[in-house]
Amino acid sequence: MQYTANYQSPFGNILLAADNLGLTGLWFEGQRYFALHLDEEHEEKEIPIFSMTKNWLDIYFSGREPDFTPPLHIIGSGFHKEVSEIMLSIPYGKTMTYGEIAATVASKRGIKRMSARAVGGAVGHNEISIIVPCHRVVGTGGNLTGYGGGIQRKIKLLELEGVNLSGFFVPKKGTAL
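Sequential numbering from 74 applies to the sequence shown in the numbering used here.
If you want it as structure tokens, here you go:
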């Protein structure tokens with residue numbers, strides 16, 4: 074059984090989802106793939122993991138790095154979980170390219186190379202945004218490509234973490250939060 078709760082962030086409403094194992098979803102309202110793997114039968118209910126997650130989000134949105142991570146239950150293929158673990162290793166205020174993640178996956182698997190495009194698909198389908206920091210993944214040469222919650226949110230999240238965006242290609246303004 075999955076449970077849901079809402080959180081109002083400075084960048085829009087967030088839907089949280091969890092089961093008995095951990096947080097299964099964190100989506101900005103209206104983002105791409107919103108609640109994609111949320112059980113059709115779920116219950117809106119405040120459970121302890123939501124209190125912990127909301128505390129984490131309060132700290133994060135105050136501009137500080139939380140010193141804990143709520144229990145996570147990443148749902149997906151082995152590849153998706155592997156990419157998620159690498160995203161979790163990206164330090165607060167830093168970025169990593171799709172190519173670097175692909176190289177890390179290839180190295181762990183003992184193969185010559187892994188497709189950055191395949192990594193992009195896994196990153197794009199991240200169900201637990203912000204905590205599994207897909208917003209820290211950028212294109213080659215600092216291209217701020219794709220973010221399910223919208224490119225302007227990606228920019229705001231990186232700015233919140235103190236990332237200097239001067240060396241990045243930032244799309245023109247106009248995409249609303």
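From the three backbone atoms N, C-alpha and C, an ideal C-beta is built for every residue, glycine too.
Taking all protein chains shown into account, decide if residue i is buried (16 or more other Cβ within 10 angstroms of its Cβ) or exposed.
i: residue 118; result: exposed
i: residue 141; result: exposed
i: residue 206; result: buried
i: residue 213; result: exposed
i: residue 151; result: exposed
i: residue 155; result: buried
i: residue 234; result: buried
i: residue 186; result: exposed
i: residue 248; result: Note that residue 248 has pLDDT 45, beneath the 50 cutoff, so the model's placement of it is unreliable and no number is given.
i: residue 209; result: buried
i: residue 174; result: buried
Report the rounded CA-to-CA distance for residue i versus residue j, giving the unit in angstroms.
i: residue 87; j: residue 78; result: 9 angstroms
i: residue 181; j: residue 160; result: 14 angstroms
i: residue 197; j: residue 172; result: 14 angstroms
i: residue 135; j: residue 225; result: 18 angstroms
i: residue 221; j: residue 229; result: 14 angstroms
i: residue 127; j: residue 80; result: 7 angstroms
i: residue 237; j: residue 114; result: 43 angstroms
Do the CB positions of residue i and residue j come within less than 8 angstroms of each other?
i: residue 123; j: residue 101; result: no
i: residue 145; j: residue 203; result: no
i: residue 76; j: residue 148; result: no
Quick check on residue i: does DSSP put it in helix, strand or coil?
i: residue 195; result: helix
i: residue 128; result: helix
i: residue 205; result: coil
i: residue 274; result: Missing from the structure shown is residue 274; the chain here goes from 74 to 250 and no further.
Leaving aside the five residues before and after residue i along the sequence, list all residues of the same chain whose C-beta is less than 7 angstroms from its C-beta, in chain order.
i: residue 195; result: 152, 153, 156
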